[in-house]
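Numbered per the numbering used here, the sequence shown spans residues 201 to 596. Where is the CB? At the ideal position from N, CA and C, for every residue including glycine. Quantities reported herein were computed from a predicted structural model and do not represent experimental measurements.
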Amino acid sequence: MLAALFAARSGAKVTLLEKNEKLGKKVYITGKGRCNCTNLCDVEDFLREVPRNPRFLYSALRLMDPEGFLALLNSLGCETKVERGRRAFPVSDHASDVTKALENGLKNQGVAIRFRAEVSRILTAGGQASGVALTSGETLPANAVIVCTGGLSYPSTGSTGDGYRWARETGHTVTACRPSLVGLRTQEAWPAQLQGLTLKNICLNAAACGKIFYSGQGELLFTHYGVSGPLAIECSAHLPDQAPVSVTLDLKPGLTAEQLDQRLLREFAAAGKKQLATVLQGLLPQRMAALLPGVLGVDGKTPCSQVSGKARALIGTRLKALPLTVTGTQDYNEAIVTRGGVDVKALNAATMESKKLPGLYFAGEVIDVDAHTGGYNLQIAWSTGALAGKSAGERP
Ligand SMILES: Cc1cc2nc3c(=O)[nH]c(=O)nc-3n(C[C@H](O)[C@H](O)[C@H](O)COP(=O)(O)OP(=O)(O)OC[C@H]3O[C@@H](n4cnc5c(N)ncnc54)[C@H](O)[C@@H]3O)c2cc1C
């Protein structure tokens, strides 16, 4: 949508081809239907939220940064608000208002929008992109083609990876794709018993081959397959290729190991005949307090006065570092973004044009750039789309 809008604003005659029956089907489900459409931070902060190829985005963000996008939305009649963590949303809390505003902008700019128009391949002539072929058999000649087909996640919204195929067919490298911003599967079965429980303000450290590659503090949700929630989802963006990954949960980040041990000592002494699992409720949510002793091989019914020093030390150690083994992630049906994509080395970051096939441009999630949650992924799509559109529209 942004690519078409900016190409038209540059004076080009533009046709937007969408295989769905409406625009921005994925936008409708973003931010739980509220569309966290950007993050109102400066460019340096923005790039810190982009684990892969952040510098590729400089020119795109220079053309249109988060403030610029909000100004555009406002000018198209969609008012916005900024919430905790500088996350921006439409005032109405309806993602559909973002799409409606952009669609109106496209119509006012004279963009021809064709629905149920599925592109099957890119046409080339004389070493340049020369148009597209549709699955219907129709061909459309063009001076420039912008591929904004998204990634592979939530394929029901239309992102089925077609752009990756076209990229390969036209001589581009596509780096390995995998689901990202997604729940983590664990080898241990006990998280399933806590399904639905959220732990707040805990720390998660993840390591592979003895090296910590992610540390974060926040919320974790237990699920039938392992863990999800903000911490697990952010961690998934940093997973190395090789599994398994060792995760430890610090359930009491506010206390040092010594402070925690002192507290356990005090509370167990004061609790006398009360059962261990009951007393742990002072430190953990009830369900977790009931489950944890068993996970550690300690009987939760043990009266606190009879908990051995060894068992107390084990409980203290595990409260500070509860181990989990991550064996993989949930699949694309649940992943917020796709990691990997069209290799940025073959793209001109100042225009989004292919260095291999002049006249062919890429924008959005199809490129090998992805970010954390917080409005960054949509902003990447808006900014790279705007830059690709402007550049393609200005193409002689
Ligand atoms: C559940 C969920 C929640 C999210 N929430 C947020 C959020 O709040 N904030 C945020 O920043 N990001 C969020 N994201 C990520 C964000 O939605 C995407 O990164 C972004 O939509 C990518 O934009 P895009 O234009 O590159 O691709 P898409 O939005 O996937 O659009 C690609 C379009 O291309 C069309 N298409 C594909 N192939 C063809 C073809 N062959 N012919 C014609 N048309 C085709 C598709 O139908 C689709 O409409 C969320 C993602 C999910 C799945």
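> Hey, would you say Leu560 sits closer than 7 Å to Ala325, going by beta carbons?
Replying inline: No, the pair does not count as a contact, with Cβ atoms beyond the cut-off.
> Where does Val427 sit, in a helix, a strand or coil, going by DSSP?
Replying inline: strand
>> For Lys232 and Arg595, what's the separation of their Cα atoms in angstroms?
In response: Computed Cα separation, rounded: 38 Å.
> Going by beta carbon distance, what residues of the same chain come within less than 6 Å of His294, once the five residues before and after it are set aside?
Replying inline: Same-chain partners within the cutoff: there are none.
>> Taking 7 Å as the threshold (C-beta atoms), are Ala312 and Leu587 in contact?
In response: no
>> One question on the structure: do Gly454 and Ala477 come within less than 7 Å of each other, judged by their Cβ atoms?
In response: no
> Who does Glu553 pair with in a DSSP beta bridge?
Replying inline: Tyr561
>> For a minimum of 3 consecutive residues, which ranges assigned as the beta strand (DSSP E) are wholly contained in the segment 237-277?
In response: none
> Heavy atom of ligand 1 less than 6 Å from the Cβ of Ala581, yes or no?
Replying inline: yes
> Any heavy atom of ligand 1 closer than 6 Å to the Cβ of Ser353?
Replying inline: Relative to ligand 1, Ser353 has its C-beta within less than 6 Å of a heavy atom.
> Is Arg578 near ligand 1, going by C-beta to nearest heavy atom under 6 Å?
Replying inline: The residue asked about is misnamed: residue 578 is Leu in this sequence, not Arg. Indeed, a heavy atom of ligand 1 lies less than 6 Å from the Cβ.
> With C-beta atoms as the reference, is Thr349 less than 7 Å away from Asp362?
Replying inline: yes
> If you draw a straight line from the C-alpha of Lys463 to the C-alpha of Val291, how long is it?
Replying inline: Here residue 463 is Arg; the residue named in the question, Lys, does not match the sequence. Their Cα atoms are separated by approximately 47 Å.
>> List, from N- to C-terminal side, the alpha helix (DSSP H) runs of 4 residues or more that fit wholly inside the segment 309-373.
In response: 362-369
> With a Cβ-Cβ cutoff of 7 Å, do Gln506 and Val382 count as a contact?
Replying inline: no
> Secondary structure at Ile433, three-state DSSP: helix, strand or coil?
Replying inline: helix
> Helix, strand or coil: which one does DSSP assign to Asp570?
Replying inline: coil
> Mind checking whether Lys281 and Phe289 have CB atoms under 7 Å apart?
Replying inline: yes
> Residue range of the alpha helix (DSSP H) that Gln459 falls in?
Replying inline: 457-471
>> Taking 6 Å as the cut-off, is the C-beta of Val347 nearer than that to any heavy atom in ligand 1?
In response: No - ligand 1 has no heavy atom lying nearer than 6 Å to the Cβ of Val347.
> By Cβ distance below 6 Å, which residues in the same chain neighbour Val214 in space, the five residues on each side in sequence not counted?
Replying inline: Close CB contacts of Val214 within its chain, under the 6 Å cut and outside five residues either way in sequence, are with Ala204, Ala207, Ala208, Val311 (chain order).
> Rounded to whole angstroms, how far is the Cβ of Gly593 from the Cβ of Ala212, which I believe are closer than 8 Å?
Replying inline: 4 Å
> With which residues is Tyr414 paired in a DSSP beta bridge?
Replying inline: Ala406
> Measuring from the CB of Asn197, is there a heavy atom of ligand 1 at a distance below 6 Å?
Replying inline: With the chain running from 201 to 596 in the structure shown, residue 197 is simply not present.
> How many angstroms separate the CA atom of Ser353 from the CA atom of Ala470?
Replying inline: 52 Å
> How should Cys403 be labelled, buried or exposed, when 16 other C-beta atoms within 10 angstroms of its C-beta is the threshold for buried?
Replying inline: So Cys403 ends up on the buried side.
> Can you name, in chain order, every residue of its own chain whose Cβ lies under 6 Å from the Cβ of Arg518, other than the five neighbours on each side?
Replying inline: Once the five neighbours on either side are set aside, the close Cβ partners of Arg518 are Leu496.
>> Taking the alpha carbon of Cys237 as the reference point, which residue from Pro430, Lys226, Leu247, Glu244 has its own alpha carbon closest?
In response: Lys226
>> If contacts are defined as beta-carbon pairs under 8 Å, then Leu465 and Leu522 qualify, I think. What distance do you get, rounded to the angstrom?
In response: In fact, because the Cβ distance is near 20 Å, the residues do not count as touching under 8 Å.
> Excluding five sequence neighbours on each side, which residues of the same chain lie with their C-beta closer than 8 Å to the C-beta of Glu221?
Replying inline: Phe315, Arg316
> Span of the alpha helix (DSSP H) holding Ser446?
Replying inline: Unbroken run through Ser446 is the beta strand (DSSP E), 445-450; no alpha helix (DSSP H).
> Any chance the CB of Glu338 is under 6 Å from a heavy atom of ligand 1?
Replying inline: no
> Between the C-alpha atoms of Val332 and Leu216, what's the straight-line distance to the nearest angstrom?
Replying inline: 12 Å
>> For Thr281, list the residues DSSP reports as bridge partners.
In response: Note that residue 281 corresponds to Lys in the displayed sequence, not to Thr. Lys281 is bridged to Phe289.
>> Please report the straight-line C-alpha distance between Ile322 and Thr370, rounded to a whole angstrom.
In response: Rounded to whole angstroms, Ile322 to Thr370 spans 8 Å at the Cα level.
>> Run through the DSSP bridge pairs and tell me what Phe206 is partnered with.
In response: Partner(s): none; Phe206 has no beta bridge.
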